[in-house]
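In order, the protein sequence lines correspond to chains A and B.
Mapped onto our numbering, the consecutive letters of the first sequence carry residue numbers 1 to 131.
Mapped onto our numbering, the consecutive letters of the second sequence carry residue numbers 1001 to 1131.
Cβ atoms here follow ideal geometry from the backbone N, Cα and C, with glycine treated the same way.
Written below as structure tokens is the structure these notes are about.
2 protein chains.
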Amino acid sequence: MAPLKYSKQREAILDFLKTRKDHPTADMVYNSLRPDFPNLSLGTVYRNLALLADLGEILRLRVGDGTDHFDADVSPHYHFICSECGSVIDLEMGNIDEIEDIAGMNFDGQICGHVTYFYGKCGACCKSSMS
Amino acid sequence: MAPLKYSKQREAILDFLKTRKDHPTADMVYNSLRPDFPNLSLGTVYRNLALLADLGEILRLRVGDGTDHFDADVSPHYHFICSECGSVIDLEMGNIDEIEDIAGMNFDGQICGHVTYFYGKCGACCKSSMS
DNA sequence: AATAATATCAGTAATCATTACTGTTTTGAT
DNA sequence: ATCAAAACAGTAATGATTACTGATATTATT
């Protein structure tokens, strides 16, 4: 209904996200692209991140630190958030979709998805806190 | 270091939360208490909810709808969020703590917690959408 | 019961992430 | 080359939350 037109800003935002494994926020994307796009608008970054997330080309991560993070890896996987440094890290783990079956056992609605974030102290923070 | 003093506003906020199973937001708490506390301040509600959450007397739920919900039931349990009506519903389900072990298998940090929210269509919305 | 110290309050202003608006520029089809 | 509309930059507005300020309430001490 609303044909999508090309924009080099959107392409740059998606390309940038694909080069990163650290799940940047909108503001990080904005600041990283500013050298190449001196008059890029923060609103453009937000609009395109929302659009790409709606299209399913990226993931929007609400990790609970007050600002959304984004991930160009849309394959099913989970995330860990370090309670100390705040970094968001991919987890390599087997699937746990059976938790939806467990959750649905005594529930009269339809469960069709879940989000899970793991918390704790990341490897780097573990090392640096050893005396 | 900072001795806690009694306040009837804080007591009322906690008491109110204990009467509810629908996980109200700060604004809902505020509006529900206004008849009894005509000059209650929204800031007071926010401050006390944050304080109670820090003390572990209530849970802060970041369900992803942009505004935090609160729960006076601090026993371990999970939540379902209806994608249609937005209601937050307690789930009665067995424990799934083994997902932390699964997540930790190929991870070099320490995992000490997780949050999981289940999404879908609640029982009421399922019924009302049947023609 | 009066006093003093300070936690808490009400009311308001400020902050921060995000979204909406407006007039201009780009895109893509004719 | 022309035109409709998608997208833009820049800015204003929104909404949830937090911080500030001077007044009030609570608690311990006299």
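Does residue i come within less than 8 Å of chain B when only Cβ atoms are used?
i              : result
F37 (chain A)  : no
D108 (chain A) : yes
C112 (chain A) : yes
V74 (chain A)  : no
Y46 (chain A)  : no
K121 (chain A) : yes
R62 (chain A)  : yes
What do you reckon, are the CB atoms on residue i and residue j nearer than 8 Å?
i               : j               : result
S1087 (chain B) : K1121 (chain B) : no
F37 (chain A)   : V29 (chain A)   : no
R1062 (chain B) : G64 (chain A)   : yes
I1079 (chain B) : F118 (chain A)  : The identity of residue 1079 (chain B) in the sequence shown is His, whereas the question assumes Ile. No.
I58 (chain A)   : D71 (chain A)   : yes
N1106 (chain B) : M93 (chain A)   : yes
N1048 (chain B) : R1010 (chain B) : yes
D1090 (chain B) : K1021 (chain B) : yes
C112 (chain A)  : Q1110 (chain B) : no
V45 (chain A)   : I96 (chain A)   : no
G1123 (chain B) : D108 (chain A)  : yes
Is the shortest distance between the beta-carbon of residue i and the beta-carbons of chain A less than 8 Å?
i               : result
R1135 (chain B) : Residue 1135 (chain B) lies beyond the range of chain B shown here (1001 to 1131); nothing can be said about it.
G1056 (chain B) : no
I1096 (chain B) : yes
A1132 (chain B) : Residue numbering for chain B in the displayed model covers 1001 to 1131; residue 1132 (chain B) lies beyond these limits and cannot be assessed.
C1085 (chain B) : no
M1105 (chain B) : yes
M1093 (chain B) : yes
E1011 (chain B) : no
Y1006 (chain B) : no
T1116 (chain B) : yes
F1070 (chain B) : no
Y1078 (chain B) : yes
What does DSSP give as the partner residue(s) for residue i in the beta ladder?
i               : result
T116 (chain A)  : B:T1116
L1059 (chain B) : B:D1071
T25 (chain A)   : A:H69
Y1078 (chain B) : B:L1091
Original post:
For the segment 1098 to 1108 of chain B against the segment 1073 to 1083 of chain B, are there 3 or more C-beta pairs whose distance is under 8 Å?
Top reply: no
Subject >> Segment contact, 8 Å Cβ cut-off, at least three pairs: the segment 1051 to 1058 of chain B with the segment 1019 to 1035 of chain B >> reply: no
Subject >> Secondary structure, beta strand (DSSP E): runs of 3+ residues fully inside the segment 80 to 125 of chain A >> reply: 88 to 91 and 110 to 121
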